[in-house]
Structures are given as structure tokens and as C-alpha cells.
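A.B. asks:
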Amino acid sequence: MQLSNYLKIYPCPDQPGMNLVYSTLRSAVVLLPDELLQAARNGALPDQERDILAQLDILTPDRAAERQRLRTIFDTPRANTPFSAVVVLNLDCNLACHYCYEDAFRGQHYMSAATAALLVETIHRERIEKGQPQRLTFYGGEPLLSLDLIRTIARPLGQAARERGVAFGFSLVTNGTLLNRACVEELLPLGLTGAKVTIDGPRELHDSSRPFVSGLGSYEAILRNVLDIHEIVPLQLGGNYTRENYREFPRMLDDLLTRGIDPARVGTMLFAPVIPKSGQRVLSDFNTGCTCSYEPWLMEAGLWLRQEALKRGFPAPRPKLSACMVELENELVINHDGSLYKCPAFMAYPELRIGSLAEGIVDFRTSHNLDLWKKDECLECAYLPICFGGCRQLTLLRNGKIDEVDCRREYYDTVLERLVRQDLEYQGTKPAGEPDKV
Numbered sequence: 001m002q003l004s005n006y007l008k009i010y011p012c013p014d015q016p017g018m019n020l021v022y023s024t025l026r027s028a029v030v031l032l033p034d035e036l037l038q039a040a041r042n043g044a045l046p047d048q049e050r051d052i053l054a055q056l057d058i059l060t061p062d063r064a065a066e067r068q069r070l071r072t073i074f075d076t077p078r079a080n081t082p083f084s085a086v087v088v089l090n091l092d093c094n095l096a097c098h099y100c101y102e103d104a105f106r107g108q109h110y111m112s113a114a115t116a117a118l119l120v121e122t123i124h125r126e127r128i129e130k131g132q133p134q135r136l137t138f139y140g141g142e143p144l145l146s147l148d149l150i151r152t153i154a155r156p157l158g159q160a161a162r163e164r165g166v167a168f169g170f171s172l173v174t175n176g177t178l179l180n181r182a183c184v185e186e187l188l189p190l191g192l193t194g195a196k197v198t199i200d201g202p203r204e205l206h207d208s209s210r211p212f213v214s215g216l217g218s219y220e221a222i223l224r225n226v227l228d229i230h231e232i233v234p235l236q237l238g239g240n241y242t243r244e245n246y247r248e249f250p251r252m253l254d255d256l257l258t259r260g261i262d263p264a265r266v267g268t269m270l271f272a273p274v275i276p277k278s279g280q281r282v283l284s285d286f287n288t289g290c291t292c293s294y295e296p297w298l299m300e301a302g303l304w305l306r307q308e309a310l311k312r313g314f315p316a317p318r319p320k321l322s323a324c325m326v327e328l329e330n331e332l333v334i335n336h337d338g339s340l341y342k343c344p345a346f347m348a349y350p351e352l353r354i355g356s357l358a359e360g361i362v363d364f365r366t367s368h369n370l371d372l373w374k375k376d377e378c379l380e381c382a383y384l385p386i387c388f389g390g391c392r393q394l395t396l397l398r399n400g401k402i403d404e405v406d407c408r409r410e411y412y413d414t415v416l417e418r419l420v421r422q423d424l425e426y427q428g429t430k431p432a433g434e435p436d437k438v
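Going by the working numbering, 227 is the number at position 227 of the sequence shown; the sequence numbering is gapless.
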């Protein structure tokens, strides 16, 4: 057995002779003394320790085979992989966020009844009838401006899924102003499993960046709804920060606590920097919730905000095996007009359209450069399982085309150890002790 290709080893300054060994493939962490780590490097571990570390993917029988397994990991989806679709119900909104990345193509564009019917028919025929679980995300604009369409889509798909014996559920990406308790109680029986709600810091910051179209602030309406619903539906809360305002965001966290919002009932708290509007070329110091950047202030801000949330009891997403949805066969964006894309941000780029509900999906391997990361530099990188070439949107914004990987080595070199140690301190993750003690 050999040490995995996909490990990071961090000496423990407060425990001389001990090391945190973190598997990016399994998101597993163990605490190993120097002598056991050296034995692992030499292939000289006792059987018990060897077997435990192999179960955690710290050890692998064959590093070349492990590398090849990562190279082909997306070629054949695992059995029962859900079909995961982002369904864009409209491009309209009741807020006027000054940084909205959809601004270039936003307007009173709504999915028609005919398109909704075709969506239901297509998913039923091509997915549910084949026994595939369904996981939809209703998106906008503001999806709750199309509550009738949510009913029209979710009710028949949920019924068909039950009859076929497959799972069905949906979540919302919403500004939260319309997500009141009555709305949630109506949607739960239809399959609502959660919602993502944005709060851009304390009241004065949020109301400045995310006002209603009328110009009035939206902070109070959103927090009132969050308080009313957070105990009956899982919420992912977060906000979009800038270099100038991110240190004010803990005041919003404190306000949530003061109002009686229980951190244990919140799914996760995730902050992201403000990004540019779609279709604009920008420097690399912008990103979305699924992107990252390498400007020193951004890396520090992300770590600092994550720790401030964890200190107050709010859960934060952990590093895990993940990839851009462009790479995943069973993930898709269905636009309001029935056109298909591989990322919501790509809707601003007609050349990245990959088909429609009516015509099906066309081959997009070349247009989206799917195999960019299948090169030695990436396959040999310890961060590959949590990167897989990074975010295609960030490359597109930076270069105007998807012509290179969004390499995250510098980012993870800076932040991963601190992320792991934050989780050890605040999120109940404990490293396995020396393997003979596990």
C-alpha cells in the first residue's frame, strides 16, 4: 500500500512530532505521529494501521490506478445519481440589486405554460420513467414571482415520481422577501426541501445593495420570514461582500441570534464576494458562490467570515469532493424559454447554449472544453478532488472563453489547512487518533 496522491500533510506546531493528514478524496483527517507517517511512506505499516488508513483513502494499493480512477470519475455516473436541474422560471425580480449578474438579460421574461408542460413531459419521459431520482432547483430572477409555475411543475412530477418509486424534491434560490410561512407550508407537501436566501450584511448595508424596486429596504422583510420559517425548512443563508464592507457582516450574524434564529436549524452559512455582471470581462478578483479567487484580501476575508459564523454556531460548508456542474452529466440548467445550459451564468452567452427541451442536448464537449483538467499537472495535484479544473465561469469572465483551467493551487495552499483546523475546532470534526487507537 502507498500513500494516496491526494493528501495534504500539516505538522502540528502545538504537538511536536504529530501531523494532520487530510485526504482531499475522502475529506477525512487523521492525526499521525512522525514514525507512523514514515512507516506509511515506506510501506511498512502494521496490518491494523494499514487497513484503517486504506479505508479512509489515506493509503491506496496503486497510485497510478488511483490517478486513472480520478481521470474517469465523471465518465460513468454512479447508480441512482439524481437528475439535478436548475429551472429558471423567470428573469424578473422585485429587488434591484446593484450588482445583479443577470442585469444584462433581466426583464419580464417568464416561462410559458407550454414550456412548463414540455419540461414536465421531458423529465417524466427521460428521467422518471427510467427510475432516476429528481432534484430540482427553482431559480430566477425571483422564482416565487412564479409560484403558480412551481405548483404546475412540482405537482405532476412529484406524483409521477411517487408512482415510479423514485425520490423527488426541489429547493429555491430566492431573495427571501416572498418566502413567508404560508408559502413554505404550501410548498412542503409538493416536495420543498430547502431554500437559499441572501442577506448582504447588517441592515444599512443590505438595504443599500438589495433594495426593493421601489427603493425601500428589504432587510426587515427577509429577516422576518427567516425567523418564521427556519424551524420548518432547511435554509442556506449567506451574503455577498466587498473589500470595503466584509468586516461589518458579523453584525448581521449577531442580529440573527438576537432575533431568536437558532444556528442549529440553519443548514449552512456561506459568504461570497460580489461578482461582475454576466458577459463582462473582468480581472480575477471576482467570483460567485462556487468560485474562488486568489487576491490576498479575498482569501483572508473568506476565512475570517467563515470563522465568525462558526464562532456563533452557524454551520459552514466543508471542503469535499466536488466539480463544476459543467462536468456532471446529470446536472443541467433549463432556461425560461426551454433552452439548455450547463451553468446559470452561461445564459448571457448564446454560444454556450447546449440545446433545448424540444431538440434535446447537443454535443458540448468542444464548446465547454470538458477535458481541460485531464492533464498531468492536474492529475498529479493533491487538490484535484476538490477542484477538477475549478470554475468555468471564472475562466470565462477572465479570458472571454473557456480556454484554460481555473487552477486553485495557490488558493488551497493558502486556505485549506486553516479550513480543516476551523472544522476541527468548531464543527465537531475530530481527527482520528493514531490508527491503533481508532
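Even for Gly, the Cβ is constructed at its ideal location relative to N, Cα and C.
(1) Span of the alpha helix (DSSP H) holding R251?
(2) By Cβ distance, which residues of its chain are closer than 7 Å to Q15, with the 5 residues on each side in sequence left out?
(3) Taking the alpha-carbon of V30 as reference, which of Q38, D51 and V21 has the nearest alpha-carbon?
(4) Provide the residue span of the beta strand (DSSP E) that contains N240, from first to last.
(5) Quick one: residues in its chain with C-beta nearer than 8 Å to the C-beta of M18, no 5 flanking neighbours on either side, listed in chain order?
(6) For D207, which residues from the same chain have a beta carbon less than 6 Å from its beta carbon, with the 5 sequence-adjacent residues on both sides left out?
(7) Tell me which same chain residues have a C-beta within less than 7 Å of the C-beta of A309, skipping the five on either side of it?
(8) With the cut-off set at 8 Å, would you say N330 and T81 are in Cβ contact?
(9) Quick check on K196: does DSSP put it in helix, strand or coil?
(10) Does DSSP put L310 in a helix, a strand or coil?
(11) Cβ of L235 within 8 Å of Cβ of V184?
(12) Among G201, M111 and F170, which has the Cα closest to the Cα of P189?
(13) Write down every uninterrupted run of the alpha helix (DSSP H) in the region 105-153 whose length is 4 residues or greater and which is fully enclosed by it, in chain order.
(14) Please tell me whether C97 and R210 are closer than 8 Å, where the distance is taken between their beta carbons.
(15) State the Cα-Cα distance for the pair E496 and G239, rounded to the nearest angstrom.
(16) Kindly indicate which residue of E126, P385, E425 and Q159 has the alpha-carbon position closest to the one of A358.
(17) At what residue ranges does the region 159-235 contain a whole run of the alpha helix (DSSP H), taking only runs of 4 or more?
(18) Using a threshold of 8 Å, state whether the C-beta atoms of L144 and L95 are closer than that.
(19) Do T60 and M1 count as a contact pair if the criterion is CB distance below 8 Å?
(20) Excluding the five sequence neighbours on either side, which residues of its own chain have a C-beta within less than 7 Å of the C-beta of S322, listed in chain order?
(21) Kindly list the residues whose CB is nearer than 6 Å to the CB of F83, restricted to its own chain and excluding five residues on each side of it in sequence; keep chain order.
(22) Do you know offhand how far I354's Cα is from S339's?
(23) Under a three-way DSSP split, which group does P33 fall into?
(24) Between the region 291-307 and the region 416-423, do three or more beta carbon pairs fall short of 8 Å?
(25) Based on DSSP bridge pairs, tell me the residues matched to Y341.
(26) Would you kindly work out how many angstroms separate the C-alpha atoms of Q159 and L192, rounded to a whole number?
(27) Which residues in the same chain have their Cβ closer than 6 Å to the Cβ of A116, if we skip the five residues on either side of it in sequence?
(28) Anyone know if the C-beta pair for C93 and E142 falls short of 8 Å?
(29) Of the choices K311, E49, R26 and S27, whose alpha-carbon is the least far from that of L37?
(30) What whole-angstrom Cβ distance do W297 and R243 have, given they're in contact under 8 Å?
(31) For Q393, does the count of other Cβ atoms within 10 angstroms reach 16, so buried, or fall short, so exposed?
(32) Could you check if G389 is buried or exposed, using at least 16 other CB atoms within 10 Å of its CB as the buried criterion?
(33) Considering only DSSP beta bridges, list what N19 is partnered with.
(34) Grab me the residues of Q427's own chain with a C-beta within less than 6 Å of its C-beta, minus the 5 sequence neighbours each way, in chain order.
(35) Of the choices V405, D200, A382 and E404, whose alpha-carbon is the least far from that of Y412?
(36) Hey, quick one: how far does the alpha helix (DSSP H) through L396 stretch, first residue to last?
C.D. replies: Taking the geometry as given:
(1) The residue you call residue 251 lines up with position 251 of the sequence shown. Segment P250 to T258, the alpha helix (DSSP H) holding R251.
(2) As a working note, residue 15 is residue 15 in the sequence shown. Contacts found: none.
(3) Indexing the sequence shown from 1 puts residue 30 at position 30. Selected option, being the one with the closest Cα: V21.
(4) Residue mapping note: residue 240 aligns to position 240 of the sequence shown, counting from 1. Residues L235 to Y241.
(5) Start at 1 with the first residue of the sequence shown, and residue 18 comes out as number 18. Cβ within range, chain order: P11, C12, L31, L32, P33 and D34.
(6) Within the sequence shown, the letter at position 207 stands for residue 207. Cβ within range, chain order: G217 and Y219.
(7) To locate residue 309, count along the sequence shown from 1; it is residue 309. If we look at A309 and ignore the five residues flanking it on each side, its Cβ neighbours are L253, M269 and A316.
(8) The residue you call residue 330 lines up with position 330 of the sequence shown. The residue you call residue 81 lines up with position 81 of the sequence shown. Against a cut-off of 8 Å, the Cβ pair of T81 and N330 comes out as a contact.
(9) Taking the first residue of the sequence shown as position 1, residue 196 is located at position 196. If DSSP states are grouped into helix, strand and coil, K196 belongs with the strands.
(10) As a position in the sequence shown, residue 310 is number 310, starting the count at 1. Helix, per DSSP.
(11) For the purposes of this step, residue 235 is taken as residue 235 along the sequence shown, with counting starting at 1. For the purposes of this step, residue 184 is taken as residue 184 along the sequence shown, with counting starting at 1. For L235 and V184, no; Cβs fall outside 8 Å.
(12) What you label residue 189 is simply residue 189 of the sequence shown in a count that begins at 1. Checking every option, the nearest Cα to that of P189 belongs to F170.
(13) 113-126
(14) Numbered from 1 along the sequence shown, position 97 holds the residue referred to as residue 97. Numbered from 1 along the sequence shown, position 210 holds the residue referred to as residue 210. The answer is yes: Cβ separation under 8 Å.
(15) In the structure as shown, the chain begins at 1 and stops at 438. Residue 496 is therefore absent and cannot be evaluated.
(16) Counting from 1 along the sequence shown, the entry for residue 358 is found at position 358. Nearest option by C-alpha distance: E126.
(17) 181-187, 203-209 and 219-229
(18) Taking the first residue of the sequence shown as 1, we reach residue 144 at position 144. Taking the first residue of the sequence shown as 1, we reach residue 95 at position 95. Their beta carbons are not under 8 Å apart, which means L144 does not touch L95 by this criterion.
(19) Residue mapping note: residue 1 aligns to position 1 of the sequence shown, counting from 1. Residue mapping note: residue 60 aligns to position 60 of the sequence shown, counting from 1. Result yes, Cβ atoms of M1 and T60 sit closer than 8 Å.
(20) As a working mapping, residue 322 is identified with position 322 in the sequence shown. For S322, where only same-chain residues beyond five positions count, the Cβ hits under 7 Å are I386.
(21) One-based indexing of the sequence shown puts residue 83 at position 83. The residues are R127, Q132, Q134 and N330.
(22) For this step, residue 354 is matched to residue 354 along the sequence shown. For this step, residue 339 is matched to residue 339 along the sequence shown. Taking the straight line from one Cα to the other gives about 8 Å.
(23) Numbered from 1 along the sequence shown, position 33 holds the residue referred to as residue 33. If DSSP states are grouped into helix, strand and coil, P33 belongs with the strands.
(24) yes
(25) Numbered from its first residue, the sequence shown carries residue 341 at position 341. Note: Y341 sits in a beta bridge opposite V333.
(26) Translated into the one-based positions of the sequence shown, residue 159 becomes position 159. Translated into the one-based positions of the sequence shown, residue 192 becomes position 192. About 14 Å.
(27) Start at 1 with the first residue of the sequence shown, and residue 116 comes out as number 116. Taken in chain order, the residues that qualify are L149, T152 and I153.
(28) Indexing the sequence shown from 1 puts residue 93 at position 93. Indexing the sequence shown from 1 puts residue 142 at position 142. Yes, they are a contact pair.
(29) As a first step, residue 37 is located in the sequence shown; it is residue number 37 there, counting from the start. Nearest C-alpha to L37: E49.
(30) Residue 297 sits at position 297 when you count from the first residue of the sequence shown. Residue 243 sits at position 243 when you count from the first residue of the sequence shown. Confirmed, about 5 Å.
(31) Numbered from 1 along the sequence shown, position 393 holds the residue referred to as residue 393. Burial call: buried.
(32) By 1-based counting over the sequence shown, the position of residue 389 is 389. With 16 or more Cβ atoms within 10 Å of its Cβ, G389 is classed as buried.
(33) As a first step, residue 19 is located in the sequence shown; it is residue number 19 there, counting from the start. Bridge partners of N19: P11 and L32.
(34) Stepping through the sequence shown from its first residue, residue 427 is reached at position 427. Closer than 6 Å at Cβ, skipping near neighbours: no residue.
(35) Here residue 412 refers to the residue found at position 412 of the sequence shown. Measuring from the Cα of Y412, the nearest candidate turns out to be A382.
(36) The residue given as residue 396 occupies position 396 in the sequence shown. Unbroken alpha helix (DSSP H) run through L396: R392 to N399.
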